[in-house]
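Novice: This is the structure I want to talk about, given as structure tokens.
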Amino acid sequence: MGWYQTAIPPTAPQTDLSGQTIVITGANTGLGFEAALQLLRLRASNLVLGVRSIRRGEDARLRLLADAEVRSVNPAAVIKVLQLDLIDYDSVVNYLSNALLTLLLLPHLSSTPATPIHKPTITWVGSMAQGFNSLAKLPEIPPSILARFSDPRKYSALTQYPNSKMFVAMFVRALGQHLPDSNVVVNNLCPGTVDTAADDKLPFYLRIPMNLNRRLRARTVEEGARTLVFASSVAGGETHGKYIANNEISQLAAYADTANGRLFSEQLWRETLQECASVDNRVKTLKWRD
Ligand SMILES: NC(=O)c1ccc[n+]([C@@H]2O[C@H](COP(=O)([O-])OP(=O)(O)OC[C@H]3O[C@@H](n4cnc5c(N)ncnc54)[C@H](OP(=O)(O)O)[C@@H]3O)[C@@H](O)[C@H]2O)c1
């Protein structure tokens, strides 16, 4: 990762998403909102905004529909607001509730026909912060990874976010290996450092350096959101199970490819399936490739 970030070009304006339905979680602000706007400007027909506050979601819906370009190129766009609080499922935030959502969406996507140029896609917003994970420092792989990383006594504000993004990358890679259905693409991207309000809830000792970093080198939200549009709507089946940075397939953090990292990853996959199945029986009916 260099100091200067690669410029992300605008999505080709001839990209035509008409007929497509796109669900975006965390869509009322930041990268999610801006991606929603760009997708509508590319003529996406139906947008579902998954938000934890219906009021903020409705406000976002009205702002999207009021955009002059959306009104001009996509006047019939339909936007629905659905309540979705990913913390409701009370565990490893940033990871487990999104894993459950992904697993429950898979059967729907499998039965959605691909178009000649696009397969049904689930895109996770991961991060290059996975590189700051602390997994290699564990004396051994814990008997229960999820219990270990949900334990408030072992919580570290410095490493929980990088660890959760490492989990995301490992889970998406495992889905790429175990999902038998080639009709569905699941990928994971890093938007780079982007000028959003993402740091506002951090403890002050982290907020100061993070804000400084953001002030000096962040992509604008518009530029950052192009990476979400690329991974979800432009990139193809070659990104299945992969991590994308700067709109290119990239390597996971080094730990993921060590012998221990691979064991960790496989255990995390099994535990995640088991945990999600304990929350929702439908997960038990999913079929996997060994
Ligand atoms: N910005 C960056 O530099 C950067 C870099 C790498 C990765 N990312 C990743 O990009 C994603 C979006 O980040 P952002 O920068 O756009 O952040 P943001 O501006 O803080 O927006 C976060 C969005 O997620 C929603 N959200 C938060 N907790 C939620 C929950 N429990 N359930 C449902 N929705 C929830 C927020 O809704 P409310 O308005 O209700 O809070 C908001 O819409 C995150 O996964 C982040 O880790 C960001």
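Numbers 34 to 323, taken from the working numbering, label the letters of the sequence shown in order.
Ideal placement from N, C-alpha and C gives every residue a C-beta, glycine not left out.
On a predicted model such as this, the values are computed, not experimentally measured, just so you know.
Is any non-hydrogen atom of ligand 1 found closer than 6 Å to the C-beta of D118, if you look at the structure I gave you?
Specialist: Position 85 of the sequence shown, counting from 1, holds the residue named residue 118. D118: yes, Cβ under 6 Å from ligand 1.
Novice: Check each candidate in L222, L306, S130, V81 and name the one with the smallest Cα separation from H273.
Specialist: As a working mapping, residue 273 is identified with position 240 in the sequence shown. With distances taken between Cα atoms, H273 lies closest to L222.
Novice: Cα separation between G90 and A99?
Specialist: For the purposes of this step, residue 90 is taken as the residue at position 57 of the sequence shown. For the purposes of this step, residue 99 is taken as the residue at position 66 of the sequence shown. Spanning the two alpha carbons is a distance of roughly 14 Å.
Novice: Quick one: what does DSSP say N131 is sitting in, helix, strand or coil?
Specialist: Your numbering for residue 131 matches position 98 in the sequence shown. In the structure shown, N131 sits in a helix (DSSP, three-state: H, G or I).
Novice: Ligand 1 and T229: does the residue's C-beta get closer than 6 Å to at least one heavy atom of that ligand?
Specialist: Mapped onto the sequence shown, residue 229 falls at position 196. Answer for T229: yes, Cβ within range of ligand 1.
Novice: In whole angstroms, give me the CA-to-CA distance for V267 and D49.
Specialist: Taking the sequence shown and counting its residues from 1, the one referred to as residue 267 is at position 234. Taking the sequence shown and counting its residues from 1, the one referred to as residue 49 is at position 16. Distance between the alpha carbons of V267 and D49: 10 Å.
Novice: Note down, one range per segment and in chain order, each beta strand (DSSP E) of at least 3 residues found wholly within the stretch 174-256.
Specialist: Runs found: 218-223.
Novice: Is it buried or exposed for S265, if we count other Cβ within 10 angstroms and need 16 for buried?
Specialist: Taking the sequence shown and counting its residues from 1, one reaches residue 265 at position 232. Its Cβ being crowded by 16 or more others within 10 Å, S265 is buried.
Novice: Please find out if some non-hydrogen atom of ligand 3 comes closer than 6 Å to the beta-carbon of P153.
Specialist: Ligand 3 is absent from the structure shown, which contains only ligand 1.
Novice: Output yes or no for whether 7 Å exceeds the beta carbon distance between A258 and L133.
Specialist: Against the sequence shown, residue 258 aligns to sequence position 225. Against the sequence shown, residue 133 aligns to sequence position 100. No, Cβ-Cβ distance for A258 and L133 is not below 7 Å.
Novice: Using alpha carbons as the reference points, say which of P213, E256, S105, L319 lies closest to A68.
Specialist: Position 35 of the sequence shown, counting from 1, holds the residue named residue 68. Out of P213, E256, S105, L319, E256 has the C-alpha closest to the C-alpha of A68.
Novice: Do G159 and L117 have their beta-carbon atoms positioned less than 7 Å apart in this structure?
Specialist: In the sequence shown, counting from the first residue as 1, residue 117 sits at position 84. In the sequence shown, counting from the first residue as 1, residue 159 sits at position 126. In this structure, G159 does not lie closer than 7 Å to L117 by Cβ.
Novice: State buried or exposed for V125, treating a residue as buried only when at least 16 other CB atoms are found within 10 Å of its CB.
Specialist: Within the sequence shown, the letter at position 92 stands for residue 125. Unreliable placement is indicated for V125, whose pLDDT of 45 sits below 50; the coordinate value is still reported in the next sentence. Under this definition V125 is a buried residue.
Novice: State the DSSP-derived secondary structure class of Q284, mapped to helix, strand or coil.
Specialist: Working through the sequence shown from its first residue, we reach residue 284 at position 251. It is coil, neither helix nor strand.
Novice: Consult DSSP for H141 and reduce its assignment to one of helix, strand or coil.
Specialist: Looking up residue 141 in the sequence shown gives position 108. The answer is helix: DSSP assigns H141 an H, G or I state.
Novice: Suppose the cutoff is 8 Å on Cβ atoms and the five residues either side in sequence are ignored; what does the same chain contact list for N61 look like?
Specialist: As a position in the sequence shown, residue 61 is number 28, starting the count at 1. So the list reads L82, V84, S86, R89, G90, D92, A93, once near-sequence residues are dropped.
Novice: Could you check if N244 belongs to the surroundings of ligand 1, using beta carbon to heavy atom distance under 6 Å?
Specialist: Here residue 244 corresponds to residue number 211 of the sequence shown, with the count starting at 1. No, since every heavy atom of ligand 1 falls outside the 6 Å radius drawn around the Cβ of N244.
Novice: Counting Cβ pairs, one atom from each stretch, are 3 or more of them under 8 Å apart for the stretch 195-209 and the stretch 140-147?
Specialist: With the cut-off at 8 Å, the stretch 195-209 and the stretch 140-147 do not touch.
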